[in-house]
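Enquirer: The structure's right below; bear with me while I get my questions together.
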Amino acid sequence: MTETHSDFESAPDAFPVKLASFEGPLDLLLHLIKTNEVNIHDIPITLITKQYLETMELMHELNLDVAGEFLVMAATLIHIKSKMLLPRPETAAAVEAEQEDPRDALVRRLHEREQLRAAQWLRPDERVAAIAGDDFEPELEVDLFSLLAAFQQVVQRAKLRPKVLLPPEQIPVEVRINQLLARLSETEACGFEDLFADVGDRSGLIVTFLALLEMIRLKLVRVFQSTSFGPIRVYKRPRPADAPHPIGDPESGHADSGSEKKHG
6 MTETHSDFES APDAFPVKLA SFEGPLDLLL HLIKTNEVNI HDIPITLITK
56 QYLETMELMH ELNLDVAGEF LVMAATLIHI KSKMLLPRPE TAAAVEAEQE
106 DPRDALVRRL HEREQLRAAQ WLRPDERVAA IAGDDFEPEL EVDLFSLLAA
156 FQQVVQRAKL RPKVLLPPEQ IPVEVRINQL LARLSETEAC GFEDLFADVG
206 DRSGLIVTFL ALLEMIRLKL VRVFQSTSFG PIRVYKRPRP ADAPHPIGDP
256 ESGHADSGSE KKHG
């Protein structure tokens with residue numbers, strides 16, 4: 006991810022996406038551990054810290070609202086890494102201290118979070134199918150960091166397309182949401198990469214990704230994959246009555262001054 010900044014420098018500054026609706030720093034760590042297929046009890050702290058900081062940089066370039074807890078976790082990882090890199094003097098006290106792995110407290114927190122996630126993300130139809138004895142291929146709801154990883158792949162593939170010298174078109178996120186909803190209305194589901202098929206420039210890719218995050222927040226779509234690293238599919242859903250309001254919606258109680266004047 007050495008080119009992260011140049012890839013995402015055109016992220017719109019005016020459209021914040023709040024991560025409170027998605028996941029936190031422990032979820033990011035669990036995602037990285039799963040992606041690297043490593044033992045949670047033997048975290049390769051140097052590798053995981055590097056990837057964690059790269060993901061934070063990507064979120065920052067996408068103008069995602071990175072809460073302070075992400076920064077605290079980054080500092081924690083760097084501290085653990087520094088402690089593990091320190092030379093260990095051959096003394097009795099050092100032997101006793103060696104039994105206290107600096108990663109232990111973090112591993113306990115990760116286990117607790119993993120158990121909570123398992124309870125939250127298990128779909129009822131999977132339990133029903135298990136009782137009935139039917140063959141069932143479970144679908145898992147996709148987390149934010151799996152979406153970020155899939156988006157990175159889309160960006161990398163876009164670099165390989167032939168360059169078309171056209172003036173870049175900055176599509177507002179709200180307009181892109183309507184375009185994507187219209188496309189989803191024509192089919193039961195859509196592949197994640199298909200959402201980006203009609204855009205090739207970085208700005209269009211970013212706006213499309215931010216539009217998808219906002220659609221998830223507004224409960225307009227659900228995003229699933231059949232396996233941990235399987236293809237991601239996006240399903241349109243009827244918007245529930247308790248769904249959040251769009252940013253700037255006067256009904257949300259957080260309208261901007263312009264909207265207030267218009268509806269006042």
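Just so it is clear: in the sequence shown, position 244 is 249 by the numbering used here, and no numbers are missing. No residue lacks a Cβ here, since even glycine has one placed at the ideal position from N, Cα and C. Just so you know, these numbers come straight off a predicted model, no measurement behind them.
Restricting to Cα atoms, I'd like to know which of Leu189, Val71, Ile211 and His84 is closest to Pro107.
Expert: Out of Leu189, Val71, Ile211 and His84, His84 has the C-alpha closest to the C-alpha of Pro107.
Enquirer: For Pro236, count the other beta carbons within 10 Å of its own beta carbon; 16 or more makes it buried, fewer makes it exposed. Which is it?
Expert: Classification of Pro236: exposed, given that the 10 Å Cβ count is below 16.
Enquirer: Starting from Lys241, trace the alpha helix (DSSP H) both ways and give me its first and last residue.
Expert: Element bounds for Lys241: not the alpha helix (DSSP H) but the beta strand (DSSP E), Ile237 to Lys241.
Enquirer: Counting C-beta neighbours from all protein chains within 10 Å, is the total for Ala216 16 or more, i.e. buried, or is it exposed?
Expert: So Ala216 ends up on the buried side.
Enquirer: Determine whether the beta carbon atoms of Met89 and Ile50 lie at a separation below 9 Å.
Expert: Closer than 9 Å, so yes.
Enquirer: Nearest to Asp199 by alpha carbon, out of Arg181, Val239 and Leu223?
Expert: Nearest C-alpha to Asp199: Val239.
Enquirer: In whole angstroms, what is the alpha-carbon distance linking Ile211 and Leu63?
Expert: The straight-line gap from Cα to Cα measures roughly 11 Å.
Enquirer: Which same chain residues end up closer than 7 Å to Phe201 when comparing Cβ atoms and leaving out the 5 residues on each side of it in sequence?
Expert: Answer for Phe201: Val159, Leu210 and Thr213, listed in chain order.
Enquirer: Who are Glu146's beta bridge partners in DSSP?
Expert: Partner(s): Phe229.
Enquirer: Helix or strand or just coil, what does DSSP make of Leu69?
Expert: Leu69 falls in the strand class under three-state DSSP.
Enquirer: Just to confirm, are Glu28 and Phe150 a CB contact at a threshold of 9 Å?
Expert: Yes.
Enquirer: Quick one: using the 10 Å Cβ neighbour count with 16 as the cut-off for buried, is Gln161 buried or exposed?
Expert: Exposed, because fewer than 16 other Cβ atoms sit within 10 Å of the Cβ of Gln161.
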